[in-house]
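Reviewing the structure listed below.
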Amino acid sequence: MSTQTSADTHFASFKEFYPFYLNEHRDSTCRTLHFIGSWLVLGVIALAVFMASWSLLWFIPLVGYGFAWVGHFFFEKNRPATFKHPLYSLMGDWVMFKDILVGKISLKGE
Numbered sequence: 181m182s183t184q185t186s187a188d189t190h191f192a193s194f195k196e197f198y199p200f201y202l203n204e205h206r207d208s209t210c211r212t213l214h215f216i217g218s219w220l221v222l223g224v225i226a227l228a229v230f231m232a233s234w235s236l237l238w239f240i241p242l243v244g245y246g247f248a249w250v251g252h253f254f255f256e257k258n259r260p261a262t263f264k265h266p267l268y269s270l271m272g273d274w275v276m277f278k279d280i281l282v283g284k285i286s287l288k289g290e
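Okay, structure coming up:
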């Protein structure tokens with residue numbers, strides 16, 4: 181497991197990246213906002229499917245990134261990993277969401 185902490189660091193795998201990702205999400209409010217944003221993304225997808233209104237899918241980045249970025253800029257006070265590592269960061273969002281749901285990590289942060 182890597183102990184890299186720089187956003188400019190190259191990560192050879194998601195397994196290397198995820199500890200860095202969690203370190204960038206230590207604040208409980210930031211984690212909670214990510215969690216809420218992820219639930220809302222799922223809600224938007226469900227609503228779009230239920231209503232067969234595919235234009236609703238345009239709201240996914242707004243709710244997903246909107247909640248996450250508020251968490252980073254105002255509570256975590258760091259720059260979202262999405263800016264340097266977009267794919268790994270998106271994967272990290274969903275792995276963290278799953279890890280919170282199954283109790284592997286806490287919404288309380290560290």
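Numbering (my numbering), first residue to last: 181 to 290.
Each residue gets a CB set at the ideal place from its N, CA and C atoms; glycine is no exception.
The structure displayed is predicted, hence computed values, not measured ones.
What distance in whole Å lies between the Cβ atoms of L287 and T189, which are believed to be in contact at a cut-off of 8 Å? In the sequence shown, counting from the first residue as 1, residue 189 sits at position 9. In the sequence shown, counting from the first residue as 1, residue 287 sits at position 107. Not really, about 27 Å apart at Cβ, beyond 8 Å.
**Q.** Boundaries of the alpha helix (DSSP H) in which A192 is found, first to last residue
**A.** Within the sequence shown, numbered from 1, the residue matching residue 192 stands at position 12. If you look at A192, you'll find it isn't in any alpha helix (DSSP H); DSSP assigns it neither H nor E.
| said: On the CB-based measure, 16 or more other CB atoms within 10 Å of its CB, does S193 come out buried or exposed? | reply: Here the question's residue 193 lines up with position 13 in the sequence shown. It counts as exposed.
*Contacting residues, own chain, Cβ-Cβ under 6 Å from D279 (five flanking each side not counted)*: Position 99 of the sequence shown, counted from the start, is the residue given in the question as residue 279. Excluding residues within five positions, the ones whose Cβ falls inside 6 Å are I285.
Check: In or out: S235 buried (at least 16 other Cβ within 10 Å) or exposed?
Finding: Here the question's residue 235 lines up with position 55 in the sequence shown. Burial call: exposed.
Residues in its own chain within less than 7 Å of W249 by CB, not counting five upstream and five downstream? Your numbering for residue 249 matches position 69 in the sequence shown. In its chain, beyond the 5 residues on either side, P260 have a beta carbon closer than 7 Å to the beta carbon of W249.
request  = Give me the Cα-Cα distance between L270 and T262, rounded to the nearest whole angstrom.
outcome  = Locating residue 270 in the sequence shown gives position 90, counting from the first residue. Locating residue 262 in the sequence shown gives position 82, counting from the first residue. If you take the alpha carbons of L270 and T262, they lie about 7 Å apart.
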